[in-house]
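Asker: Submitted below is the structure of interest, expressed as structure tokens.
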Amino acid sequence: MTDYAIGDIQGCYDRLRDVLAKVDFSPSRDRLWVAGDLINRGPSSLETLRYIEGLGNAAVVVLGNHDLHLLALALGGHSPKKKDTLHDILEAPDHDRLIQWLRQQSLMVRDDARNLVMAHAGLPHIWSLDQAEARAREVEAVIRGDQAREYFSQMYGNQPERWCDTLTGMDRWRVITNYFTRMRFIAQDGSLELATKESADNAPAGYAPWFTYSRPDNVRVIFGHWAALEGHTGHERFIGLDTGCVWGGALTLMNLDSGELIHCDCS
């Protein structure tokens with residue numbers, strides 16, 4: 008069995024199948040770790056979601072901001088954005104099953120045997136690994152439970168911008184969600200700057216890429232979300248797999264055992 012991790016697919020189903028074919032991926036033998044943003048902006052969100060859901064236990068998935076956006080449309084009363092490509096999912100006959108499956112996915116997965124974590128946007132330096140896992144489980148329980156509609160109706164927003172242990176309710180859940188699914192630039196005190204999407208060299212004053220801060224552990228982190236990095240973090244332990252397929256870049260697959268990177272051109 009081989010485990011592979013893949014960056015943001017964003018509905019690029021044909022390219023997904025192309026890159027998996029390069030390694031002769033078989034769900035009866037292998038597993039696919041998906042670093043979030045399975046869907047949206049690309050041409051085939053429904054086909055992508057059905058395929059990943061159909062992998063069953065051969066898929067290890069974390070939620071990205073676009074995946075949460077679909078749930079916000081389905082459960083939170085929000086309207087689609089102009090560039091969304093989610094209408095096929097929302098109108099599909101198996102819509103309810105796909106939505107319920109997506110709600111069961113994680114914000115963070117942890118593999119202690121590999122000393123590895125996967126989260127869509129990364130892991131903030133202000134949290135230990137145990138703290139991060141506990142906060143991920145907290146919001147996952149909300150998404151899966153009776154408070155899901157309340158959560159998704161109020162999920163959007165940049166406030167609070169910084170974690171505080173005394174936060175409660177929606178403020179607490181929103182900032183946890185933003186760390187796991189929207190973070191790029193962060194300040195030493197944990198304050199998030201969520202407007203800037205450019206490369207790591209273009210940090211706003213007082214902020215830096217989240218992966219440049221020291222951590223008390225040596226965990227490796229797989230993440231997506233930041234296409235402008237083109238996969239380059241400058242740190243071997245921080246593995247960026249979003250290489251901008253939906254923007255004409257590439258779809259990147261990583262062999263978790265050997266570290267080999269396999270690319271599929273999306274231009």
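All residue numbers for the sequence shown refer to my numbering, where the first residue is 8 and numbers rise by one. Glycine is no exception: its CB is placed at the ideal position from the N, C-alpha and C atoms.
1. Rank L23, T55, K29 by C-alpha distance to the C-alpha of E267 and give the top, closest one.
2. Let me check understanding here. Comparing Cα to Cα, which of H76, S35, D21, R38 lies closest to P50?
3. Rounded to whole angstroms, what's the CA-CA distance from V116 to F187? Just pull it up for me.
4. Would you say Y58 and W40 are within 8 angstroms of each other, going by their C-beta atoms?
5. Report the option in C271, E243, H127, V228 whose CA atom is closest to the CA atom of G255.
6. When you compare the stretch 158-166 with the stretch 101-114, are there three or more beta-carbon pairs, one atom per stretch, that lie closer than 8 angstroms?
7. I think S52 touches D101, with their Cβ atoms under 8 angstroms apart; what is that distance to the nearest whole Å?
8. Out of A210, E60, G251, T184, which one is the CA nearest neighbour of R169?
9. Measure from the alpha carbon of H85 to the alpha carbon of each residue in V67, A128, P131, R156, then state which is nearest.
10. Out of curiosity, what's the CA-to-CA distance linking L275 and R191?
11. Taking only the alpha-carbon atoms, compute the straight-line gap between D196 and Y220 and give it to the nearest angstrom.
12. Which runs of the beta strand (DSSP E) spanning at least 3 residues fall entirely within the stretch 27-95, listed in chain order?
Answerer: So, from the data block:
1. For the purposes of this step, residue 267 is taken as residue 260 along the sequence shown, with counting starting at 1. Nearest C-alpha to E267: K29.
2. Start at 1 with the first residue of the sequence shown, and residue 50 comes out as number 43. The closest CA to that of P50, considering only H76, S35, D21, R38, is found on D21.
3. As a first step, residue 116 must be located in the sequence shown, where it is residue number 109. As a first step, residue 187 must be located in the sequence shown, where it is residue number 180. Distance between V116 and F187, taken at the CA atoms: about 11 angstroms.
4. The residue given as residue 58 occupies position 51 in the sequence shown. The residue given as residue 40 occupies position 33 in the sequence shown. Annotated as distal: Y58 and W40, with beta-carbon spacing of 8 angstroms or more.
5. Within the sequence shown, the letter at position 248 stands for residue 255. Nearest to G255 by alpha-carbon distance, out of C271, E243, H127, V228, is C271.
6. No: fewer than three Cβ pairs fall under 8 angstroms.
7. Translated into positions along the sequence shown, residue 52 becomes position 45. Translated into positions along the sequence shown, residue 101 becomes position 94. In this structure S52 is not in contact with D101, their Cβ atoms being roughly 13 angstroms apart against a cut-off of 8 angstroms.
8. One-based indexing of the sequence shown puts residue 169 at position 162. Among A210, E60, G251, T184, the Cα nearest to that of R169 belongs to T184.
9. In the sequence shown, residue 85 corresponds to position 78, counting from 1. Nearest in C-alpha terms to H85, of all of V67, A128, P131, R156, is R156.
10. Nothing can be reported for residue 275, as the shown portion of the chain is limited to 8 through 274.
11. Locating residue 196 in the sequence shown gives position 189, where the first residue counts as 1. Locating residue 220 in the sequence shown gives position 213, where the first residue counts as 1. Roughly 11 angstroms between the two C-alpha positions.
12. Runs of the beta strand (DSSP E) inside the stretch 27-95: 38-41, 66-68.
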